[in-house]
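Residue numbers (my numbering): 66 to 503.
Built from N, CA and C at the ideal position, the CB exists for glycine as well.
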Amino acid sequence: MSREFFKFVIPSMIAFSFSGIYSIVDGWFVGNYLNETGLAAINVAYPITAFILATGTALGMGGSIFISISRGKGASEDQRVYLGITLALLLVAGIVEMLLMYAVFPTVLRFFGAYGELFTLGEEYIRWIIFGTLFQIIGSGLVPVVRNYDGAHIAMISMITGFMVNVVLDWVFIALFGWGMMGAALATVLGQGCSIVPSLAFLIKKKKLVGYARFRGDIKKIREILAVAVSPFGLTFAGSVVMIIINKNAIIHGGERAAACYAVISYVTYIVQMLIQGIGDGSQPLISRYFGADRQDMVKRLRNMAFITAEITAAVSVILLIAGSEAVSVFFGMSGQGVSDVEATMPYFAAGMIFMAIERVMTSVFYAMDRNGYAYTLIYGELILMGILATVVLPPFMGVTGVWLSVPVAQAVLAVLSVLLLRKSVGNAGDSGRVTLR
66 MSREFFKFVI PSMIAFSFSG IYSIVDGWFV GNYLNETGLA AINVAYPITA
116 FILATGTALG MGGSIFISIS RGKGASEDQR VYLGITLALL LVAGIVEMLL
166 MYAVFPTVLR FFGAYGELFT LGEEYIRWII FGTLFQIIGS GLVPVVRNYD
216 GAHIAMISMI TGFMVNVVLD WVFIALFGWG MMGAALATVL GQGCSIVPSL
266 AFLIKKKKLV GYARFRGDIK KIREILAVAV SPFGLTFAGS VVMIIINKNA
316 IIHGGERAAA CYAVISYVTY IVQMLIQGIG DGSQPLISRY FGADRQDMVK
366 RLRNMAFITA EITAAVSVIL LIAGSEAVSV FFGMSGQGVS DVEATMPYFA
416 AGMIFMAIER VMTSVFYAMD RNGYAYTLIY GELILMGILA TVVLPPFMGV
466 TGVWLSVPVA QAVLAVLSVL LLRKSVGNAG DSGRVTLR
């Protein structure tokens, strides 16, 4: 079982970490070739990019969960219909979201707290990101589909391909051509476009699943996919909503200096979040399959392995984040007081990682088994609690320090809630792993 678990989880962790590094590459080039305001602008605008990617991931994951459950049950016809619906939803969402985003993004940037040069640079960056919405939704949505058809290594290759293209094009567009924010955005979009190629090649040539899929307008199955998709969407986008909350309140209580400090911290902590999500989502295909086959003993073993792996990852990350805060600051072009700000602030965010690992893995376990109520509670409860703490509870008394402290406090509360929900879900079955939400 350990071998099978890590066969899925390690490629997933690598793939998710490269997903997190996408924005870091843009940030490094902009921070070193433009200025700290450009770095802060990408951070302020990034939640729009994250919303697009979260949509693709959510639809792909929502369909993939039912694909794996159907495989576990041996229901091949249902599997074919779920696959067809998932592919169709990705295409439609890519077109619709591009049109909607382009209409509202200036208003959204101002809502995020962007103004002056921060708004101008953020607008330039996100305009080009939105033009590539279709690439980004299909690219991120195919990854969980490929993973659930035993293509974890192909999913990893897709992300690495996109990352490598992004790095090269960032260097060409920003360092050589001097295209600034536009160049950073184009590099990201084209990198995402290239990441589609390995996934499509796997589905079309090796698995022949595009012809295998049934494109049928089954309203019941569409609703099932969308209902589950709410959880992975929230889990994927939660970090960006937190970013919006922290950015806006950091600007209010600490100005652009605090925003630049948080930009650096958010880049590196986002990688840790993606690694932990990679553990949860990497174990999802196995959990869903064994859940469909009614192998609750295996579900329990997989859940425990995911917890242990996530906590070890979080503990190592805490040490590295605190020890390397100065080096990270310099890497992103910070100097003087900016470096000191990052060193003083990093421990607040590092402290929350241990708690965040519990909540993120438990959320993945719940939606892997189509248990949406508890997943919704954890995901959206975190956002509500974070918003209250960072806006009205701590900053009025502690200033910008209260904004930073809201992160570990909220994550600690959600970790406790995760444990309580797990105990409740086990119910009267002891610790057999049998979930009794329904």
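Own chain partners of residue i with C-beta closer than 6 Å, once the 5 adjacent residues on each side are dropped
i	result
residue 298	119, 123
residue 227	256, 257, 259, 260
Through-space distance from residue j to residue i, alpha-carbon basis
i	j	result
residue 412	residue 386	8 Å
residue 68	residue 209	20 Å
residue 101	residue 184	14 Å
residue 155	residue 351	23 Å
residue 197	residue 250	9 Å
residue 418	residue 99	31 Å
residue 396	residue 192	27 Å
residue 382	residue 358	35 Å
residue 70	residue 186	43 Å
residue 256	residue 488	43 Å
residue 179	residue 390	26 Å
residue 469	residue 460	9 Å
residue 284	residue 127	15 Å
residue 428	residue 296	8 Å
residue 28	residue 281	It is not possible to answer for residue 28, since the shown part of the chain is limited to 66 through 503.
residue 301	residue 291	15 Å
Three-state class that DSSP yields for residue i in the structure shown
i	result
residue 446	helix
residue 99	coil
residue 177	coil
residue 346	helix
residue 459	coil
residue 214	coil
residue 278	coil
residue 242	coil
residue 78	helix
residue 313	helix
Cβ-Cβ distance between residue i and residue j below 7 Å
i	j	result
residue 303	residue 444	yes
residue 260	residue 223	yes
residue 170	residue 347	no
residue 330	residue 112	no
residue 379	residue 426	no
residue 230	residue 264	no
residue 203	residue 149	no
residue 336	residue 267	no
residue 473	residue 416	yes
residue 221	residue 80	yes
Sequence-distant residues of the same chain with beta carbon closer than 8 Å to residue i, five excluded per side
i	result
residue 354	133, 134, 136, 137
residue 240	94, 98
7 Å Cβ shell around residue i - same chain, five flanking residues per side excluded
i	result
residue 105	183, 321, 324, 325, 328
residue 242	248
residue 152	278
residue 173	113
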